[in-house]
Each structure stands twice: as C-alpha cells, then as structure tokens.
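> I have a structure here, written as structure tokens, and I will follow up with some questions on it.
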Amino acid sequence: MTEEAHSSTHPPLPPTTEDLWYSRLRLLRSRRIGPVNFRRLIGQYGSAQNVLDALPKMADAAGIAGYETCPAGKIDTEVKTAKAAKARLLCFDDPLYPNLLAALATAPPLLWAIGDLTLLRRPMIALVGARNASSLGIRMARNLSRDLGEAGYVVVSGLARGIDTAAHHAALETGTIAVMAGGCDRIYPTENTELGVEIATQGLRLSEQPMGLWPRARDFPRRNRIIAGLAQAVIVIEAAGRSGSLITARDALDLGREVLAVPGHPFDARAAGCNMLIRDGAPLVRNAEDVLAALPPMQHLTELQPTADTPSLPAQVDLPLLQMPPAPRSPAGPSNAEARQLLSSLPVPPPEKRNLQETNALHQQILNRLGTTPVPADLLMRDLNATPPQFGSALTDLELDGRIERLPGGLLTPGDGKRNGGP
C-alpha cells in the first residue's frame with residue numbers, strides 16, 4: 003500500500019502538546035493579535051490552529067488585502083532561543099499561570115519564564131520606585147523587601163536601576179520575580195546582568211515579549227501592568243510626580259489592588275508622587291508592619307503549591323485553552339459579517355495610507371505631544387481641549403495610519419510610522 007493510500011484511510015493524528023503551544027505562540031505573534039483578540043478569536047474557533055487557518059479567509063471576507071500570519075520561521079527562531087535560555091512557555095490555561103494575573107481581561111495569553119516557577123503559586127507583593135533613588139530610598143527598599151520576604155511574600159519588581167535593584171537583591175533568599183520589559187533572555191539595564199542571572203537561579207524572570215527582543219520605550223508600561231497584575235499590593239518608594247512608578251500604581255488601582263506609599267520630604271522631587279498618593283488616601287508605609295496591617299491575613303492569600311514537575315519546555319496541559327468550547331464552523335468558512343466582526347479590532351493597514359499632514363490640526367497636535375514616555379489619553383484630551391468624539395475619531399485615524407499605538411492602561415505612544423519616518 004502506498005503512503006498516500008495508507009494516509010487516506012486513517013484520520014489525522016491529534017496535535018501534540020508542542021503543536022498546541024507552537025500554534026498559540028504563532029497566533030499571538032501575528033500582526034496585532036493582542037490578548038483580547040487572542041481570546042475572542044479562540045473563543046470563536048476553538049483553537050489557535052483553527053484561527054490561523056481561518057484568518058486568511060476572514061481577511062478576504064472583510065475586504066482586507068495582504069494580511070499574513072506570523073511566519074513559522076520567526077517562531078522557530080524564538081523557540082530555539084528559548085531552549086538555549088532554558089525558558090519555559092506558560093500558557094493561559096497552564097496550572098502554573100498566576101491566578102491573579104489570569105483574572106485580568108488584558109492578561110498576556112503566553113509568558114516566557116526562566117527560573118523557579120513555584121514562586122507563582124505564592125502570594126506576591128510589588129515594590130517599585132525611582133531609578134535615581136536616594137540612599138534612604140535604597141535602604142527602605144532593602145528593609146521592606148527583606149522583611150516582607152521573611153513574612154512569606156514573593157517580591158515582584160521590574161529589574162530597573164535604583165529601587166527595583168535594591169528590592170530584588172534583598173529578596174533573593176526568600177523569593178523574587180523580575181518582570182522584563184524586553185525578552186526574558188534580555189537583561190536590561192546591562193549593569194544588572196549579574197543580578198538577572200542570580201534571579202534566574204534563585205528566583206524567576208518573566209516576560210510576555212518575544213525571546214531575544216531588547217526593550218523599547220513602549221514596552222515598559224506593559225511590563226508595569228503585569229507587575230501590578232501579579233501582586234496583591236504595590237508599594238511605591240520614591241516616585242516623581244510623573245513617573246513609571248505612578249503608572250504602575252494607577253494600573254494597580256484600576257485592577258483593584260492595594261497601593262501603599264513611603265512618604266518623603268516635600269522638597270525632594272523624588273517624593274512628590276508618593277506624597278500625592280498618600281494625600282489621595284494610600285496607606286502610609288514606615289516599615290513592613292504597616293504593610294502587613296493593610297493587607298488581608300496571609301492564610302487567605304497563600305495558594306496551593308504545585309506538585310507537577312516544571313521542565314524547561316511546556317508540559318502537557320489537559321485543560322481546554324481558556325476554558326472555551328469550540329464554536330461551530332461552516333465548511334464554507336466565515337460569513338462576511340462574521341469576518342468583519344472578528345477582524346474589527348485588528349489594526350491592519352488600509353489599502354491606501356492617508357497623509358495626516360493634510361487632515362485637521364488635531365492630528366498634528368496629538369502627534370506633537372507624544373514622545374518616548376507614554377502619555378495618558380485622558381490627560382492629553384484635556385490638555386488639547388478636545389471633546390471625546392473629536393479625540394476618539396482622531397485617535398482612530400492615527401492608529402490606522404500607524405502613527406500612534408494604544409497601550410494598556412489608556413496610554414498612548416508614537417507608532418512605527420512616526421518613529422520610522424513613514425508618510
């Protein structure tokens with residue numbers, strides 16, 4: 003019997019575990035498939051591979067030309083890099099995926115992890131603050147991190163200079179997690195390379211970004227939101243009035259987390275953000291006892307320790323992805339209406355790019371206000387005295403043209419079109 007005849011008499015083999023997480027990774031890396039679209043499309047089609055198979059037909063039915071999914075070669079390279087770094091891919095339905103983070107609508111569907119995955123089953127608390135921290139701020143971060151670690155908390159931070167570095171160092175013995183803005187294998191800043199290696203050995207490094215990617219300015223707000231999502235509470239130690247630490251604090255409040263702050267001298271600009279948080283009702287922190295008094299008892303926070311092995315490559319997961327049943331599929335593919343609905347939020351470039359310099363002045367005013375630091379959309383709208391309909395319409399135009407990018411937490415940053423000098 004020929005191979006063709008033999009294969010025609012047997013149904014195709016079910017996908018292997020590696021096939022499952024490979025297709026999920028490829029779907030997430032496809033053009034602008036963010037967390038929300040990832041869940042929505044899989045909820046409709048039942049699996050990542052089904053979505054990948056359907057996307058070209060969906061794009062055609064919606065009148066979108068030139069849409070392509072992520073090339074398999076890019077995923078091969080990412081997986082090879084991950085294996086070399088001994089990284090493990092955590093899928094959204096993995097039993098080890100952190101529960102608090104999984105509850106968020108914008109939770110990353112996939113995370114790369116290097117280190118001790120059992121830390122994800124313990125209660126966590128985040129310490130964030132200034133990169134140009136004072137000696138007193140550094141000492142406060144060390145003391146809080148050490149004492150909270152001894153009380154049973156895993157300390158989460160972002161591996162930045164200053165407060166983050168001090169917090170990680172002090173919690174190496176008790177457990178610390180570094181959330182990376184770039185790829186899990188790219189330690190930034192490079193001066194923290196030794197610390198990053200120690201964290202991978204004694205703690206855990208996490209990232210939603212592709213392996214091998216160096217962090218970009220727009221990646222830090224996304225990193226901050228993961229920090230806030232992982233933790234039971236966020237403690238801010240020295241933060242200027244407009245800083246990334248305050249963005250993390252705002253994300254934490256949006257997510258229903260407790261936000262606490264260490265006070266500082268009114269004349270010290272590094273204390274302005276913390277003092278504002280306390281003025282607005284955040285509990286004041288002098289020591290670890292203040293933190294513990296503001297949080298629920300530890301026994302209500304402790305999660306069950308995992309018993310399964312945690313190898314460097316994804317283990318078999320029997321749960322259906324995202325607990326979503328497959329949607330019925332027609333052999334003829336999706337209808338035009340279905341395709342338009344599912345692709346409505348995919349920012350695929352239109353067939354003809356518009357020249358925004360020839361449109362109204364609000365577009366240019368928005369572009370002029372954006373820089374390397376992401377800007378809250380609501381503040382920008384007020385600064386420009388724009389009405390919500392005007393502002394929303396302008397943002398849609400700019401986003402479609404690739405001139406801006408919307409980030410989690412309502413933040414705006416320049417898009418690739420502006421940075422790369424696009425038309």
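For the sequence shown, our numbering gives the first residue as 3, with consecutive numbering after it.
Just so it is clear, CB atoms sit at the ideal spot from N, CA and C, and this is done for glycine as well.
Quick one: what does DSSP say Cys186 is sitting in, helix, strand or coil?
The answer is coil: DSSP assigns Cys186 none of H, G, I, E or B.
> Less than 8 angstroms between the beta carbons of Ser147 and Ile229, yes or no?
Their beta carbons are not under 8 angstroms apart, which means Ser147 does not touch Ile229 by this criterion.
> For the structure I just gave you, are there three or more beta carbon pairs, one from the region 47 to 63 and one from the region 16 to 32, closer than 8 angstroms?
With a cut-off of 8 angstroms, the region 16 to 32 and the region 47 to 63 count as touching, because enough Cβ pairs lie within range.
> Cα separation between Arg408 and Leu382?
Rounded to whole angstroms, Arg408 to Leu382 spans 13 angstroms at the Cα level.
> Hey, could you find the ends of the alpha helix (DSSP H) Arg148 is sitting in?
Start and end: 137 to 152.
> Do the region 149 to 159 and the region 171 to 178 meet, that is, are 3 or more Cβ pairs less than 8 angstroms apart?
Yes, since at least three Cβ pairs between the region 149 to 159 and the region 171 to 178 fall closer than 8 angstroms, the two stretches touch.
> Taking the CB atoms as reference points, tell me whether Asp187 and Thr83 lie closer together than 8 angstroms.
Their beta carbons are under 8 angstroms apart, which means Asp187 touches Thr83 by this criterion.
> Starting from Ala180, trace the beta strand (DSSP E) both ways and give me its first and last residue.
Where Ala180 is concerned, the enclosing beta strand (DSSP E) stretches over 178 to 181.
> Within the same chain, show all residues whose beta-carbon is closer than 7 angstroms to that of Leu372, passing over the 5 residues directly before and after it, in chain order.
Taken in chain order, the residues that qualify are Ile406, Leu414, Thr415, Pro416.
> Measuring only the C-alpha atoms, how far is Asp253 from Gly231?
So the two alpha carbons sit approximately 8 angstroms from each other.
> Thinking Met182 and Arg207 are a contact (beta carbons under 8 angstroms), I'd like their distance in whole angstroms, please.
Yes, Met182 and Arg207 are in contact; Cβ-Cβ is about 6 angstroms, under 8 angstroms.
> Look at Ala86 and Ile116 and say whether their C-beta atoms are less than 8 angstroms apart.
No, these two residues do not count as a Cβ contact at 8 angstroms.
> Alpha carbon to alpha carbon, what distance is there between Leu386 and Pro212?
Those two C-alpha atoms are separated by around 36 angstroms.
> Straight-line CA distance for Leu262 to Val81?
Going by the C-alpha atoms only, they are around 39 angstroms apart.
> Just to confirm before moving on: does the CB-CB distance between Pro73 and Phe94 stay below 8 angstroms?
No, the pair does not count as a contact, with Cβ atoms beyond the cut-off.
> Is Ser247 closer than 8 angstroms to Gly131 when the C-beta atoms are compared?
Their beta carbons are under 8 angstroms apart, which means Gly131 touches Ser247 by this criterion.
> What's the C-alpha gap between Glu70 and Asp96?
Going by the C-alpha atoms only, they are around 28 angstroms apart.
> Run the CB neighbour count on Val238, radius 10 Å, all protein chains shown included, and call it buried at 16 or more, exposed below.
With 16 or more other Cβ atoms within 10 Å, it is buried.
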